[in-house]
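Shown next, in structure tokens, is the structure this report addresses.
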Amino acid sequence: MLYVITGPPAAGKSSWIESHAKPTDIVIDLDRITLALTGPGAPQWNQDATVVRVAQRARYAAIDEAVKHRDKVDVYLIHTRPKAKALAQYKRLDARIVAVDPGRDVVMKRIDAMRSPEMKRVATAWYNDRRRRAEQTVTQSPLRW
Numbered sequence: 250m251l252y253v254i255t256g257p258p259a260a261g262k263s264s265w266i267e268s269h270a271k272p273t274d275i276v277i278d279l280d281r282i283t284l285a286l287t288g289p290g291a292p293q294w295n296q297d298a299t300v301v302r303v304a305q306r307a308r309y310a311a312i313d314e315a316v317k318h319r320d321k322v323d324v325y326l327i328h329t330r331p332k333a334k335a336l337a338q339y340k341r342l343d344a345r346i347v348a349v350d351p352g353r354d355v356v357m358k359r360i361d362a363m364r365s366p367e368m369k370r371v372a373t374a375w376y377n378d379r380r381r382r383a384e385q386t387v388t389q390s391p392l393r394w
């Protein structure tokens, strides 16, 4: 099964996956990929443009391969704001779309506490995006903040 996990920055998407995925499942998370591609001491949420570009290419390759194995293992993919084309592709793959949303106020507080201020723009765009209404929404994050 392919699970596509959406939600604004700092919503708890990675934590949702941690509470559902098994050790043998595949998890594709741009933040984790970026961290794996950087040197010791790199920040957990690295927004360096060059590193992110390399990580995005690795992510695309991982998605292409992982979806071939979704009949053997569950695949969890974080995609913050999938566009219509991506959603159509996920639908063809019989993906389950899950939106993790603890609420705008919680998200903005988490961004203030641990993310780049630029992430507020991304979160605002997510909340303004009407496509998310078609997704299943998980209203609570497993994290206690």
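Letter by letter, the sequence shown follows residues 250 to 394 in my numbering.
Here a beta-carbon is modelled for each residue, glycine too, at the ideal position from N, C-alpha and C.
All figures in this text were calculated on a predicted structure; none of them were measured in a lab.
Just to confirm, are residue 277 and residue 315 a CB contact at a threshold of 8 Å?
Yes, the Cβ-Cβ distance between residue 277 and residue 315 is below 8 Å.
Is residue 392 helix, strand or coil when you go by DSSP?
Unreliable positioning characterises residue 392 in this predicted model, as indicated by a pLDDT of 48, which lies under 50. The coordinate reading is nonetheless provided below. Looking at residue 392 - three-state DSSP - the assignment turns out to be coil, as it is neither helix nor strand.
Assuming residue 280 and residue 263 are in contact, meaning their beta carbons sit under 8 Å apart, how far apart are those beta carbons, in whole angstroms?
Right, their Cβ atoms sit about 7 Å apart.
Out of 351, 294, 374 and 320, which one is the CA nearest neighbour of residue 364?
Measuring from the Cα of residue 364, the nearest candidate turns out to be 294.
Are the segment 331-350 and the segment 250-257 touching by the rule of at least three beta carbon pairs closer than 8 Å?
Output reads yes: the segment 250-257 touches the segment 331-350.
Nearest-angstrom Cα distance between residue 307 and residue 260?
Computed Cα separation, rounded: 23 Å.
By DSSP, does residue 374 sit in helix, in strand, or in coil?
The answer is helix: DSSP assigns residue 374 an H, G or I state.
Once you ignore the five residues that flank residue 300 on each side, which residues in its own chain have a CB closer than 7 Å to its CB?
Within the same chain, residue 300 has close Cβ partners 283, 286 and 287.
How would you call residue 272, buried or exposed, if buried means at least 16 neighbouring beta carbons within 10 angstroms?
By the neighbour-count rule (16 or more Cβ atoms within 10 Å), residue 272 is not buried but exposed.
Which residue spans inside the segment 266-354 form an unbroken beta strand (DSSP E) run of at least 3?
Counting whole runs of 3 or more residues, the segment 266-354 contains the beta strand (DSSP E) stretches 275-277, 324-327 and 345-349.
For residue 376, count the other beta carbons within 10 Å of its own beta carbon; 16 or more makes it buried, fewer makes it exposed. Which is it?
Exposed, because fewer than 16 other Cβ atoms sit within 10 Å of the Cβ of residue 376.
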